[in-house]
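*Asks:* Pasting a structure below so you can have a look.
There are 4 protein chains.
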Amino acid sequence: MVSFESDYTTGAHPAIMKRLMETNLEPLPGYGTDAYCESAKEKIRAACACPEAEVWFLTGGTQTNATVISTMLSGYEGVVAADTGHVNTHEAGAIEYTGHKVLTVPGHDGKLDAGELAVFLADFYQDGNYEHMVFPGMVYLSHPTEYGTLYTKAELEAIAGVCGTYGIPLYLDGARLGYGLMSYETDVTLPDIAKICDVFYIGGTKVGALCGEAVAFTKNNMPRHFLPLVKQRGALLAKGRLIGIQFDELFTDGLYMEIGRHAIEMAERLKTLFHEKDEEFYLESPTNQQFIVLENARMEEQKKQVAFGFWEKKDESHTVVRFATSWSTTEEEIEYLREIL
Amino acid sequence: MVSFESDYTTGAHPAIMKRLMETNLEPLPGYGTDAYCESAKEKIRAACACPEAEVWFLTGGTQTNATVISTMLSGYEGVVAADTGHVNTHEAGAIEYTGHKVLTVPGHDGKLDAGELAVFLADFYQDGNYEHMVFPGMVYLSHPTEYGTLYTKAELEAIAGVCGTYGIPLYLDGARLGYGLMSYETDVTLPDIAKICDVFYIGGTKVGALCGEAVAFTKNNMPRHFLPLVKQRGALLAKGRLIGIQFDELFTDGLYMEIGRHAIEMAERLKTLFHEKDEEFYLESPTNQQFIVLENARMEEQKKQVAFGFWEKKDESHTVVRFATSWSTTEEEIEYLREIL
Amino acid sequence: MVSFESDYTTGAHPAIMKRLMETNLEPLPGYGTDAYCESAKEKIRAACACPEAEVWFLTGGTQTNATVISTMLSGYEGVVAADTGHVNTHEAGAIEYTGHKVLTVPGHDGKLDAGELAVFLADFYQDGNYEHMVFPGMVYLSHPTEYGTLYTKAELEAIAGVCGTYGIPLYLDGARLGYGLMSYETDVTLPDIAKICDVFYIGGTKVGALCGEAVAFTKNNMPRHFLPLVKQRGALLAKGRLIGIQFDELFTDGLYMEIGRHAIEMAERLKTLFHEKDEEFYLESPTNQQFIVLENARMEEQKKQVAFGFWEKKDESHTVVRFATSWSTTEEEIEYLREIL
Amino acid sequence: MVSFESDYTTGAHPAIMKRLMETNLEPLPGYGTDAYCESAKEKIRAACACPEAEVWFLTGGTQTNATVISTMLSGYEGVVAADTGHVNTHEAGAIEYTGHKVLTVPGHDGKLDAGELAVFLADFYQDGNYEHMVFPGMVYLSHPTEYGTLYTKAELEAIAGVCGTYGIPLYLDGARLGYGLMSYETDVTLPDIAKICDVFYIGGTKVGALCGEAVAFTKNNMPRHFLPLVKQRGALLAKGRLIGIQFDELFTDGLYMEIGRHAIEMAERLKTLFHEKDEEFYLESPTNQQFIVLENARMEEQKKQVAFGFWEKKDESHTVVRFATSWSTTEEEIEYLREIL
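Okay, structure coming up:
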């Protein structure tokens, strides 16, 4: 039995575990004020080529999205997202729980389009009743998207341009950012993201950490008194070291990129394998998630030997399934899969 | 330099770290559905002698308080706490953030009094305008309290009796429960708590874990669809294993109690030492936190050699400070402190 | 200058004003506990042929929607509405402000379709990840819709049937209910609505009152302690008499229906006039709102002599405008309009 | 049977009713954009001698408090009030419903003390853990207080001085402001209040209107996009004229002050009467509410002939009751009361 179910099925990268062990006995102050958190922030600023970035560590993706969005929006504002965006679908209403609406534009393989976004915003302000509506106060995008797809640098710049016209921040959800940065098909670097976006997060949970996401505010725009705002949302760890040490390690000697590179290499092998086996691709993504279509009976058969994710029904007799790679995916696992298919 | 600053300054108990290492490569399903979470829940139910308990793992104390309180209260209800209760003071308004008021009764060394609670509740329902007020919908207490003090079994039963009269649940915040259970001066056991309270949590973060708290609903009273409620609050970990494995270890071979016992033993040595040195006790607590009064100049001098917590100003020239012990406190550290005093 | 801008441009029906004058000096208890409120509730129950209905008076439409929806939903639930529904568009995010998501299905001239609703709900529960999503916890529809259209009795029953299958309440927003009930083209009566829906409101503000909406819970399902929930939302009037007296009058001698009938008669004359003048209908609604398309230059010209509502741009050179009738619309005003067109 | 139960038991002052009648047929735009609202705002600015004041009309007191407080506070802030303040006691948790805590200082006959406030604020910022606590972000006071008492101008200035030191706004709840302004014992004028406070409201509901409160932001500090914030809270009336016309009348020819003056005169007669009858005063207030102590059996007897408000139990055999006067209180009613006592 092997698992391609998701990129959060195994624990942390061994280097992270080692570092947690080594530092375990050191007494450190709580709530993210320790030296490892500070060091990790410094390394992230360097990796982003953004010395002015304000970095904050949170625990998980939904928590990060809700915290960032709700603390950056004004009360009369909502966040614009692709209709397939994680904040609109699979966060159990965490954004609305904070009192803000998710406004949607159509998603195209998970991506929102700068032109459509521009029309959406222009239409809003042309509506004579806009003061009775939810103001678009931020644009949210995920990169990679929920479908594993990526924006090009030009696409991100175009979206940022639209945001700039309306004076609203662009927020990039990088839950799987490492895989996006290391994709064979991307022209977007971490410094590009820091330059283009107003705020973004570097995902840890799904890129080799036990937990943890690093939020970067790049334009001197971190909400004032962010600590009590975070604590109020139940998102402040007493042992902040747990995330600080992990990110310190992830940004030492390029580990974060190395994890991304490895998973991408494994994903490319998966793609090659699926092509060899003439599998039907639902979406041939450039990142660590691959979506193929399986006939239902065959899917049931394979489930006995390999774990993968259920994505959606395609039709009565076919299902879209997801195969994800991570830091722990091995060539042996792919060979094992070759046998099964 | 030694640290008695708090019980969350070092990492996790070595046995926990070992277990995390051993299980690191195992692929496990996400969101708390793995076998370690299930096993940990089973062990907790056994330790509580409460086979019907519904157990859930959350990440930190404030998050747990806000999640439990806001999901168990009706919209028109608030939670009653001692005015010194953590939910009323040091959670940055996390309870109010969920839309609920904290109603207060006087704290006595951190404890609320059953008699005063009964009067408070009786007065509420005798007020002709009570429909214009916040209904008392739950009673919150911490055990140990924020001052390290403990309720007796009779006191807990009396409070539960008052709650029962009004049909409202009793919630016990056990952020430092291990130290309460192992105190030399307690008559309260974990099964007692499970029997007396409607919901409580067994603190992990401050009792030897990296993070994590185990909530137990003991009366078939876990809110329906608790998972989306937790996720909505940003409190659902993708790698739920992180907490499941830790609690599975904490409740294997009595580790949780062992950690408590060790810290209590160290705290008793601290007390003995303070008595020997004729230090002024602010409060001689029966648990792992000891509060003494230092003259300010002397406090500044000692701070250079030992870390302790600032508690509050006593008067212009004196300060109350806190010394806390934990799993990692050693006899050597106490001997070192002896030299300093 | 005459105004067809909306149905809330003039004050209250003269009979209501007269009644307010007559009762002005009577001392009455506050907060909706007076005899007029009670009498009005009794008359509404009778008009609905629903003696068990629990009736409550609120001040305006958005307030009513937010109060009803947020107090009837569980925390993990959202409300399903047509994408054009008022709660999804023109309430400034009032539903999300209460922490709940508006889930959308396509609107067809403002109406949602029972079949599409059934598919939406079935799909939700077939999604393996539904515990990570917002549960559909209520269905919201407006009748008349925002486009002046109406459901047939069969359509309402079909929607209620779908709701019944999933055990979720059907809520009807009757901001303009009087016009729907008196439409020449409806087969739906007030008792039908009380029987079919779980909760609905009879709009006053837009049907002849100064302010006020009457919510009816028809299935012994009014949320417990509704008074503090209402007060908490800032929706409880000290002088509750203001709304009670108005509804008491509206439901005396059929005034509410009479107001609806008059406005419908005037709207039908408008339709006839528009047909005579060969105006282009955007939508030939069966209620008191009529939507026609005007060439922009002509629209600007007419605006100098008659007030109407801007609805939306149709194309670069044409605009959809709305003409609304009310209790105060006169034949003279329509004749005046005839001159202008 | 006469009623001194409250100042909201009768309808509106006849001049207001007359004005509502006279304007009833005029078509006016909705949502507070009509000429009467504008005229009323202009008159209020003049009466306040504060031409830069931004004035907004809301419907009731709790709604106004919740809207003003929640839109002026930052997320990490709460509002400081006397423990007896209306926002802390009788608003069903409306402030907490918006996510903000009410922080309390002791009330002295309903008033907070500038010195105690200064200590409270100083202590907050001296606490090493203040980032884990709710920040004091505004000071709330009621004038008259819930006990009918009044601040002197010097007291208000002292409180404003403390607020200024910490850069937080001072908010005055003037639900019964007219009675405070016309008290025989006050030195505080409306222009004083506009000068001293950052925001306050002029109560209408309890001072002769059917409903309505006028909020004045005096320091160019009205929250941006206040309309959608108000609408989102369900507090925007479609027929905004209802409140605009009433306040336009209240501030024509000094009606608001005249109503206050009349009620004060009647209250002074009440006081004289109670003294003549040797009644025990609980509090001899300088405004329209008088509190006396009645032996319970006597209270029950009198309740049959005169309505008054229950305030609180004094002891087992005595009760504090409230007599309130208003625009509609007559000398005949007081003579009738004389007979009864």
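Residue numbers (the numbering used here), protein chains in the order written: chain A, 98 to 438; chain B, 98 to 438; chain C, 98 to 438; chain D, 98 to 438.
All C-beta atoms, glycine included, are put in the ideal place defined by N, C-alpha and C.
The structure displayed is predicted, hence computed values, not measured ones.
#1: Kindly confirm or deny that the segment 320-329 of chain C and the segment 162-178 of chain B touch, where touching means at least three C-beta pairs closer than 8 Å.
#2: Between Gly331(A) and Met98(C), what straight-line distance do the alpha-carbon atoms span, to the nearest angstrom?
#3: Is the separation between the beta-carbon of His229(D) and that of Ala150(B) shorter than 8 Å?
#4: Identify whether Ala404(C) lies in helix, strand or coil by the three-state DSSP scheme.
#5: Quick one: which residues of the segment 213-245 of chain B get their C-beta closer than 7 Å to a C-beta of chain D? List them in chain order.
#6: Using 8 Å as the threshold, is the C-beta distance between Val216(B) and Leu200(B) below it?
#7: Determine, using beta carbons only, whether Gly172(D) comes closer than 8 Å to chain A.
#8: In angstroms, rounded to a whole number, what distance separates the CA positions of Ile141(D) and Leu269(D)?
#9: If you drop the 5 nearest sequence neighbours on each side, which residues of the same chain put their C-beta closer than 7 Å to that of Leu367(B)?
#10: Starting from the Cα of Met169(B), find the closest Cα among Lys316(B), Leu352(B) and Met363(B) and give me that residue.
#11: In angstroms, rounded to a whole number, what distance separates the CA positions of Glu102(A) and Gly245(A)?
#12: Would you give the residue range spanned by the beta strand (DSSP E) that Tyr268(B) belongs to?
#13: Output yes if chain G places a C-beta closer than 8 Å to the C-beta of Ala189(A); else output no.
#14: Is Leu200(C) close to chain B, meaning its C-beta is less than 8 Å from at least one C-beta of that chain?
#15: Answer with buried or exposed for Thr427(D), where buried requires no fewer than 16 other C-beta atoms within 10 angstroms of its C-beta.
#16: Kindly indicate which three-state DSSP category Met396(C) falls into: helix, strand or coil?
#17: Do Ala137(C) and Asp345(C) have their CB atoms nearer than 8 Å?
#18: For Ser425(C), which residues in the same chain have their Cβ closer than 7 Å to its Cβ, ignoring the five residues on either side in sequence?
#19: DSSP three-state call for Lys303(A): helix, strand or coil?
#20: Which stretch, first to last residue, makes up the alpha helix (DSSP H) that contains His359(D)?
#21: Does Glu193(A) pass the burial test, meaning 16 or more other C-beta atoms within 10 Å, or should it be called exposed?
#22: Count the CB pairs spanning the segment 272-281 of chain D and the segment 402-413 of chain D that are closer than 8 Å, and state whether there are at least three.
#23: Under 8 Å, Cβ to Cβ, is there at least one residue of chain A near Leu347(B)?
#24: Rounding to the nearest angstrom, what Cα-Cα distance links Thr349(A) and Ala112(A) in this structure?
#25: Alpha carbon to alpha carbon, how far is Val390(D) from His240(D)? Give it in angstroms, no decimals.
#26: In terms of residue numbering, what span does the alpha helix (DSSP H) encompassing His183(B) cover?
#27: Under a three-way DSSP split, which group does Val231(B) fall into?
#28: For Lys336(D), which residues from the same chain have a beta carbon less than 7 Å from its beta carbon, with the 5 sequence-adjacent residues on both sides left out?
#29: Helix, strand or coil: which one does DSSP assign to Val259(C)?
#30: Report the partner residues of Ile113(D) according to the DSSP bridge assignment.
#31: Answer with buried or exposed for Arg116(D), where buried requires no fewer than 16 other C-beta atoms within 10 angstroms of its C-beta.
#32: Taking the straight line between their C-alpha atoms, what separation do you get for Tyr237(A) and Pro203(C)?
#33: For a cutoff of 8 Å on Cβ pairs, would you count His372(D) as touching chain A?
#34: Classify Glu436(C) as buried or exposed, calling it buried when 16 or more other Cβ atoms lie within 10 Å of its own Cβ.
#35: For Asn193(A), would you say it is in contact with chain C, using Cβ-to-Cβ distances shorter than 8 Å as the test?
#36: Determine, using beta carbons only, whether Pro383(D) and Tyr281(D) come nearer to each other than 8 Å.
*Replies:* A quick look at the data gives this:
#1: yes
#2: 58 Å
#3: no
#4: strand
#5: Gly225, Asn226, His229, Met230 and Val231
#6: no
#7: yes
#8: 16 Å
#9: Gln387, Phe420, Thr422 and Ile431
#10: Lys316(B)
#11: 14 Å
#12: Leu267 to Gly271
#13: No chain G appears in the structure shown, which is made up of the protein chains A, B, C and D.
#14: no
#15: exposed
#16: helix
#17: yes
#18: Thr107
#19: coil
#20: Leu352 to Glu373
#21: buried
#22: no
#23: no
#24: 10 Å
#25: 23 Å
#26: His183 to Thr186
#27: coil
#28: Gly127
#29: helix
#30: DSSP lists no partner for Ile113(D).
#31: buried
#32: 23 Å
#33: no
#34: exposed
#35: With the sequence shown as reference, residue 193(A) is identified as Glu, and Asn is not the correct amino acid for it. At least one chain C Cβ lies under 8 Å of Glu193(A).
#36: yes
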